[in-house]
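What follows is a set of notes on a single structure, which appears directly below.
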Amino acid sequence: MKLNDLSDEDLMLSYRDGTATAFDVLYTRHKGGLYRYVLRQLNNRPDIAAELFQDVWMKVINARLSYQASAKFTTWLYRLAHNRLVDYWRSEKHRRHQEEFEETTGAQVADSTVDNRHSEPHNELQQKQVQQQIKQAIAELPEEQRSAILLKEEAALSLAEIAQVTGVNRETVKSRLRYGIKRLQGILHPLRSVS
Amino acid sequence: MSSNDFDKDKDFQILHEKYQAEATELPDKFIDTNILQAAHRAVQAQAGLENKINSNVIKRIKKHPWYRPMSYVAIMVISLSVVMKLAFDPEFAGPGFNGDDFVEEAQTPEAEMMTTKPLTSMPEEQRSSVKLITEKSQQQAVVSELKAKAKKRLMSPEAASSPAVRASRQSELRLESAAKGAALSGPASPMQRAMSDNATDKVLQESEQDVLAKEVISQKNQIKKLMKLYDNKQNEKLKIALLQYRKLYPLVDGVDKVLPKVLRNLEIKWDIERKKENVPKTPQNE
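Residue numbers (this note's numbering), protein chains in the order written: chain A, 8 to 202; chain B, 38 to 323.
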């Protein structure tokens, strides 16, 4: 059986047992999703995102010997990432950055959202603008709602798995997702008619 | 709303569509390289460590080929000796040591009486039977202790050192055996007493024979030495040696059957001389 055909859990077990190439496959599968999850959580700051992203994978490497396939690998991976992000947010440095970010970009995002609400994207440039708006709108969401939406989008986790990663119950996750989408309706409604 | 309901939600579908179209960011290539290298290094280090441990163990075994068999033998010997000790040593082979026996004993009415009720609160018959049991066990303990003592002393190398020590030990043993006899003369059965007597006497006889044999050899050697001194005409040394000999082997009823006549005559002669010298000078003697 080829390594590519193996599940995430089997790959991780194989890596634990000494097959280094299994990790390569695993990394290739999840690097994009995890990186974007961290990036979006950090308001699209690639330098910090890269640092935290590396930290998460290092934790995976170091915890390989104690890994047991009792839960889904993705859940475990994103839980590590979530915990790392929580640690980061707890630091004072980040709080300062967060405040600065809110002061400078918050107003711009709101304006651009309002401006584009009633216009229809006809060309590629407009399409890109819409996507940018979505990205920024997600960055504007409260941390819990943003986490829930990103875990759904990037890791394709179920409600129960998101609950497991974020350490809350399933109902809380559901309401966070609902409120998050409601907040994004300003951008999503004009697009609804188009799609 | 379940997870699937969310997927069917129009707003969520649009969000998903637009988000996924935009989700193209990837980490830099150098980050990929760093992480993959770290992952490979970790596996190699782990393998290296395991190899090192394995090779160390193999080296140790190769260096000392006796290492494993020797340890197995040692374990066997120790466990066998423990088993033998438990099986044959009277200290361990008592009734309390066997679990079943212990339980059975504890269930007997006598044992129950001994553990639960005070002696004074029992009726006369029970009290006498309890006393009987206690005395029996005490006597057995005394006998086994005496046996062990006798064996130890008689087996020691100094047992044949001097007749004085030997005599004292023998008397001790006799006393002990007498004490044992006294102990057994109590409520123990005549059969038990006879068996115990036989065993103790056997031990005593054997040990006495050993001591005597050693003593005869040493006495003969002494006499040989004395004869040598006599042949060499070293009278002064012979005098002292005869005195020492006599201290070690005193006369029995004024007779020494082992000492040669020549030496015995000399001893008598020198004894008379010594006595004469020791008599204080009085005017009458003068």
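Beta carbons are placed, not taken as given, at the ideal position from N, Cα and C, and that holds for glycine.
Where residue i falls: helix, strand or coil (DSSP)
i: Val316/B; result: coil
i: Val295/B; result: coil
i: Val175/A; result: coil
i: Pro128/A; result: Summary for Pro128/A: the model assigns pLDDT 46, below 50, so the residue's position carries little reliability; its value from the coordinates is reported in the next sentence. Note: Pro128/A maps to coil in three-state DSSP.
i: Ile305/B; result: helix
Residue closest to residue i, alpha-carbon to alpha-carbon, out of the options
i: Arg91/A; options: Leu46/A, Glu178/A, Pro149/A and Ala76/A; result: Leu46/A
i: Leu73/B; options: Tyr34/A, His89/A, Val175/A and Thr82/A; result: Tyr34/A
i: Met264/B; options: Val295/B, Val289/B, Leu249/B and Asp247/B; result: Val295/B
i: Arg185/A; options: Tyr74/A, Leu166/A and Thr173/A; result: Leu166/A
i: Val137/A; options: Gln57/B, Arg78/B, Val248/B and Ile68/B; result: Gln57/B
i: Ala29/A; options: Leu13/A, Ala146/A, Gln48/A and Gly40/A; result: Leu13/A
i: Ala218/A; options: Thr82/A, Trp64/A and Ser73/A; result: Look at the range of chain A in this structure, 8 to 202, and you will see that residue 218/A is not part of it.
i: Gly187/A; options: Ala170/A, Gly174/A, Leu148/A and Glu178/A; result: Leu148/A
i: Ala56/A; options: Ala76/B, Ser108/B, Glu62/B and Gln83/B; result: Glu62/B
i: Val63/A; options: Leu84/A, Ser154/A and Gly174/A; result: Leu84/A
i: Ile51/B; options: Gly174/A, Glu150/A, Ile141/A and Leu59/A; result: Ile141/A
i: His89/A; options: Leu72/A, Glu168/A and Met19/A; result: Glu168/A
i: Asn258/B; options: Ala278/B, Lys270/B, Asn269/B and Gln242/B; result: Ala278/B
i: Lys261/B; options: Gln163/B, Leu275/B, Lys312/B and Ala250/B; result: Leu275/B
i: Arg52/A; options: Pro64/B, Thr70/B and Asp293/B; result: Pro64/B
i: Arg78/B; options: His37/A, Asp54/A, Asn69/A and Arg36/A; result: Asn69/A
i: Ser21/A; options: Ala155/A, Asp54/A, Gln75/A and Arg97/A; result: Gln75/A
Interface flag, residue i vs chain B, CB-CB below 9 Å
i: Tyr95/A; result: no
i: Phe80/A; result: no
i: Val175/A; result: no
i: Pro149/A; result: no
i: Thr179/A; result: no
i: Asp31/A; result: yes
i: Tyr85/A; result: no
i: Val137/A; result: yes
i: Tyr74/A; result: no
i: Ile156/A; result: yes
i: Asn50/A; result: no
i: Leu18/A; result: no
i: Lys22/A; result: At residue 22/A the sequence reads Tyr, which differs from the Lys that was named. Chain B, which has a Cβ nearer than 9 Å to the Cβ of Tyr22/A, makes this yes.
i: Leu46/A; result: yes
i: Gln171/A; result: no
Proximity test, Cβ basis, 9 Å: residue i and chain A
i: Lys55/B; result: yes
i: Asp126/B; result: no
i: Leu63/B; result: yes
i: Val80/B; result: yes
i: Leu52/B; result: yes
i: Asp46/B; result: yes
i: His101/B; result: no
i: Ile20/B; result: Look at the range of chain B in this structure, 38 to 323, and you will see that residue 20/B is not part of it.
i: Ala178/B; result: no
i: Ala76/B; result: yes
i: Ile115/B; result: no
Chain C contact residues for residue i, given Cβ-Cβ distances below 7 Å
i: Ile72/B; result: The structure shown contains no chain C; its protein chains are A and B.
Bounding residues of the alpha helix (DSSP H) (the contiguous stretch that carries residue i)
i: His89/A; result: Phe80 to Arg97
i: Asn69/A; result: Pro53 to Asn69
i: Lys32/B; result: What the structure shows of chain B is the stretch from 38 to 323, and residue 32/B is not part of that stretch, so it cannot be assessed.
i: Asp31/A; result: Ala27 to Gln48
i: Lys284/B; result: Asn272 to Leu285
i: Ala111/B; result: Tyr104 to Phe125
i: Lys159/A; result: Glu150 to Glu161
i: Leu72/A; result: Here Leu72/A belongs to no alpha helix (DSSP H), and DSSP marks it neither H nor E.
i: Ser14/A; result: Counting along the chain, Ser14/A falls outside any alpha helix (DSSP H), and DSSP gives it neither H nor E.
Any non-hydrogen atom of the ligand ATP closer than 8 Å to residue i Cβ
i: Leu249/B; result: Only the bare structure without any ligand can be found here, which leaves the ligand ATP out of the picture.
Beta-carbon separation (whole angstroms), residue i vs residue j, contact threshold 8 Å
i: Lys66/A; j: Leu87/A; result: 5 Å
i: Asp46/B; j: Gln192/A; result: Going by Cβ atoms, the distance from Asp46/B to Gln192/A rounds to 11 Å, so no, they are not a contact pair.
i: Arg190/A; j: Gln134/A; result: Not really, about 22 Å apart at Cβ, beyond 8 Å.
i: Asp15/A; j: Phe80/A; result: 4 Å
i: Ala76/B; j: Ala144/A; result: About 36 Å; that fails the 8 Å criterion.
i: Val32/A; j: Leu49/A; result: Incorrect: roughly 27 Å between the Cβ atoms, too far for contact.
i: Val172/A; j: Leu158/A; result: 6 Å
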